[in-house]
Structures are given as structure tokens and as C-alpha cells.
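In the numbering used here, the protein residues as written are 5 to 75.
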């Protein structure tokens, strides 16, 4: 059998590449989603409950992402 010399990639090769990128981006996506949920929950919280307790943003800081770096 001859090898393909065109630009075609095998379906599993394309799937493997997509899976690799998803694996690499997963921690970043989780941090962004966590921030989005914190903002949503803070907006939905009643005013009297917003002042009590520790601030969740101070507990979960990701300085590498805040500065635009990688994890």
C-alpha cells in the first residue's frame, strides 16, 4: 500500500489533536468558568448575605492567569 502524500489527515489523528488541545485548555476554561459563576452568584445574592463571610475572590486567586500567564 502506498502512503498518502496529500494534506489529508486520518480521522483519529484529527481527533487526537483536538483532544490534546482540549486537555491543555481545560484548566484555563475552569478558572474562567469559576469567575463567571462567582460573578453570577454575587449578583444573585441578597444584600444582607453579601456582607457576611469571607470573600470567595480572595480565597481563589490565580495570579498567573490574572497577569495573562500560563498555569
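For each residue, glycine too, the CB sits at the ideal point set by N, CA and C.
Residue i in three-state terms, based on DSSP
| i | result |
| --- | --- |
| residue 39 | helix |
| residue 46 | helix |
| residue 25 | helix |
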